[in-house]
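S.K.:
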Amino acid sequence: MNVQPTPSIVPLPTDRIPIAGPWITDLEIRYVTDAATTGWYATANDWIIRFEKLYAQVTGRRFAVALPSCTAGLHLSLAALGVGPGDEVICPESTWIATSAPISYVGATLVTVDIEPDSWCASAASIEQAITPRTKAIIVVDLYGNMPDMDAILDIAARHGIPVIEDAAEAAGAVYKGRPAGSFGTTSVFSFHGSKTLTTGEGGMLLTDDEPLYRRILILRDHGRGPNDFRFFNQEVGFKYKMSAMQAAMGVAQLERLPELVERKRAIFGWYRDRLAHINGLTLNSEAPDVTNVYWMVTAVFDAALGIKGEAVQEALAKHRIDTRPFFHPLTALPAYVDLPGREQAPERNKVAYSIAPRSLNLPSALTLTEPLVDRVCKTLEQILAAGV
Ligand SMILES: *Cc1c(COP(=O)(O)O)cnc(C)c1O
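Counted from 1, the sequence shown has number 60 at position 76 by my numbering; the numbering is strictly sequential.
In structure tokens, the structure reads:
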């Protein structure tokens, strides 16, 4: 089976097996070269508009805003929704800190909720319990390319009249009940960081169907200047969150190749599953029947009864030049949140997040991995487990 139909022009490093990395072809080079050549003066925005239009189309949304990062998209979402000091924002305990940091940027308070034991995404029941009269937004994360129980979460949010922000940074190409990741939030945001399935080096995209919110975001992201204000008469102090034509050109190429990128991620997961599924007490990413998981990071969780520490497995694999990462530490366990109100109760409240993190790890998931390399990772992992970590 030819699982890599388009040759990657960027070779995988040979000294270590990396944790993540892109799949770049001639198409990306051609488009970026065009942007570097033509993306100036009157045509400076052409590639950006093309990327936004295509992204809106692929996710079925009305409006798309290309950004320098997903973090910027989360910040703009909260700012445009008017979230500020005194407000609470709900966010899953298990995620990259980029999801929660913008809550602090706008002066609001982070309230963490637990994750589901199988999807590792925010638990609807935990979200419902965390809602107070001060809750102004709920951020959900499509973790590691999987999807949360969106029906239940959107229902709870609608009943309480609270907007949902979908952090789809890791989920380009994922599907929940026939709908693509990025189609669920009042705003939905993606990351195109170099480690992500679809990359522009650095970059992000915000999607929404809400026109007034979209207009507000356009002003906030350009120093408080309206899109057609050629008097440069700033209405307020805003932010500067824009993407360049060269990044957008790369994004168009990657987006045109998204089906192929997703197929590759799923093939990589399949190679791991075929080799690791038989190991007692080891669980890989789950996939519900109505979900297409895009397996951004293949993740192994060891049963608590085995007493295996993810960190010890990581160290052992590193000695064999295999790079891995820890499962996301619970946000409230990070030094960054020592002063967070209610932090002491978080391990009790968010038991699943606290239980999974120390006994799991992300395995190499770069898009240009080959089956023999995955085989090497799995054999090494088996040897390490057999020797006892
Ligand atoms: C990568 C990531 C982000 C941040 O993306 P940037 O583009 O680096 O800002 C946000 N949320 C999650 C879940 C991520 O994995």
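Every residue, glycine too, gets a C-beta built ideally from N, C-alpha and C.
Quick one: is methionine -15 buried, meaning 16 or more other Cβ sit within 10 Å of its Cβ, or exposed?
M.R.: For methionine -15, the predicted structure reports a pLDDT of 46, less than 50, and the residue's modelled location is therefore unreliable. A value from the coordinates is still provided. Exposed: under 16 other Cβ atoms inside 10 Å.
S.K.: Just curious, the alpha helix (DSSP H) that lysine 37 is in, first and last residue?
M.R.: Judged by DSSP secondary structure, lysine 37 falls within the alpha helix (DSSP H) whose first and last residues are 30 to 43.
S.K.: Do leucine 290 and glycine 265 come within 9 angstroms of each other at the CB atom, strictly closer than that value?
M.R.: yes
S.K.: List the whole-angstrom C-beta distance separating tyrosine 225 from phenylalanine 253, where the pair is believed to meet the contact cut-off of C-beta under 8 angstroms.
M.R.: At roughly 33 angstroms, the Cβ-Cβ gap does not stay under 8 angstroms, so tyrosine 225 and phenylalanine 253 are not in contact.
S.K.: At a cut-off of 8 angstroms, would you count alanine 82 as near ligand 1, judging by its Cβ distance to the nearest heavy atom?
M.R.: yes
S.K.: Rounded to whole angstroms, how far is the Cβ of glycine 183 from the Cβ of phenylalanine 174, which I believe are closer than 8 angstroms?
M.R.: A small fix is needed here, since residue 183 is threonine in this sequence, not glycine. Contact doesn't hold; Cβ gap of about 11 angstroms is too wide.
S.K.: Quick one, which of Cys75, Leu204, Glu100 and Asp98 has its alpha-carbon nearest aspartate 151's?
M.R.: It is Cys75 whose Cα lies nearest to the Cα of aspartate 151.
S.K.: Would you mind sorting valine 141 into buried or exposed? The rule is 16 or more other CB atoms within 10 Å of its CB.
M.R.: In the sequence under discussion, the amino acid at residue 141 is alanine, which differs from the valine named in the question. Flag for alanine 141 reads buried.
S.K.: When every heavy atom of ligand 1 is checked, does at least one fall within less than 8 angstroms of the C-beta of aspartate 102?
M.R.: no
S.K.: Is the distance from the Cβ of alanine 48 to the Cβ of alanine 56 below 9 angstroms?
M.R.: Cβ atoms of alanine 48 and alanine 56: not closer than 9 angstroms.
S.K.: Relative to the alpha-carbon of isoleucine 263, which residue among Arg199, Asn29, Arg333 and Val285 has its alpha-carbon at the smallest distance?
M.R.: Among Arg199, Asn29, Arg333 and Val285, the Cα nearest to that of isoleucine 263 belongs to Val285.
S.K.: Hey, is valine 275 close to ligand 1, as in C-beta under 8 angstroms from one of its heavy atoms?
M.R.: no
S.K.: I'd like the span of the beta strand (DSSP E) that includes isoleucine 149, first residue to last.
M.R.: 148 to 151
S.K.: Compute the Euclidean distance between the alpha carbons of threonine 83 and leucine 51, then round it to the nearest angstrom.
M.R.: 15 angstroms
S.K.: Which runs of the alpha helix (DSSP H), 4 residues or longer, sit entirely within the segment 308 to 355?
M.R.: 330 to 333 and 335 to 340
S.K.: Using a Cβ-Cβ cutoff of less than 8 angstroms, which residues in the same chain neighbour glycine 374 once the five nearest sequence positions on both sides are dropped?
M.R.: The first residue shown for the chain is -15 and the last is 373, placing residue 374 beyond what the model contains.
S.K.: Thinking cysteine 105 and glycine 188 are a contact (beta carbons under 8 angstroms), I'd like their distance in whole angstroms, please.
M.R.: Not really, about 20 angstroms apart at Cβ, beyond 8 angstroms.
S.K.: If you draw a straight line from the C-alpha of cysteine 208 to the C-alpha of aspartate 30, how long is it?
M.R.: Note that residue 208 corresponds to glycine in the displayed sequence, not to cysteine. Going from the Cα of glycine 208 to the Cα of aspartate 30 covers about 22 angstroms.
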